[in-house]
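Only one structure is covered here, and it is reproduced in the block below.
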């Protein structure tokens, strides 16, 4: 949005892809993080009991497989897991560069930096991504570099084609894209939302066509 108000400022946004984040939660680390927030005593003991000793098996055509123990992850489908997972992820905020912003909803993470000089943004984001890589390793989370990408928001059409930057995560280069869908909203590099409106309209038309057949 800053780039829309000032054509001389560019915003680089990196969209991180965490692989199977819910299933990779390190439970002992989660308990430690919960304790650091001030939750102690019986409440902490209850959460610990809730997480540990979980097993799973597969049922197919009336047959059931042998049970296997789950050593990591939070139970998906539980009413408590949507609270435990953000507590686990919230520690990412202390690893962000001072001039960099972050939006984090569950495992959907976007970080961005705005500046007149695009190389300044590149440096700030690389510092942040290096810190995030360390954070992810500490929490036993896996960032997929090939699914992580960046988008340059700018109204400067004349020079936008040269905005190919050297941005990396875990020493792997991140590819540039022209649009991205984040939390259900498709954004292009000029924040015109044309793609999002078209997609939403087509989706509504498909629903209407179903209703007409009733």
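Residue numbers (full-length UniProt numbering): 1 to 214. A virtual CB, placed ideally from N, CA and C, is assigned to each residue, including glycine. A quick note: this is a predicted structure, and the numbers were derived from the prediction, not measured.
Residue i, buried or exposed, once every other Cβ within 10 Å from all chains shown has been counted against 16
i	result
residue 202	exposed
residue 32	exposed
residue 105	exposed
residue 21	buried
residue 8	exposed
residue 113	buried
residue 10	buried
residue 189	buried
residue 36	exposed
residue 124	buried
residue 151	buried
residue 172	exposed
residue 133	buried
Coarse secondary structure for residue i, derived from DSSP in three states
i	result
residue 207	helix
residue 213	coil
residue 13	strand
residue 96	coil
residue 122	helix
residue 192	coil
residue 83	helix
residue 201	helix
residue 107	coil
residue 8	coil
residue 36	helix
residue 164	coil
residue 76	coil
residue 117	coil
Rounded distance between the beta-carbons of residue j and residue i, thought under 8 Å
i	j	result
residue 65	residue 57	5 Å
residue 48	residue 95	At roughly 26 Å, the Cβ-Cβ gap does not stay under 8 Å, so residue 48 and residue 95 are not in contact.
residue 182	residue 15	6 Å
residue 54	residue 70	5 Å
residue 200	residue 110	Contact doesn't hold; Cβ gap of about 20 Å is too wide.
residue 81	residue 75	6 Å
Residues that residue i bridges to, as DSSP identifies them
i	result
residue 101	112
residue 181	186
residue 169	172
residue 18	143
Going residue by residue through the stretch 128 to 161, where are the continuous alpha helix (DSSP H) segments of at least 4 residues, counting only ones entirely within it? Those alpha helix (DSSP H) runs which fall completely within the stretch 128 to 161 and span 4+ residues are 157 to 160.
Curious, which full-length beta strand (DSSP E) runs of at least 3 residues does the stretch 41 to 74 contain? When DSSP assignments are scanned along the stretch 41 to 74, no uninterrupted stretch of beta strand (DSSP E) that is 3 or more residues long falls wholly within it.
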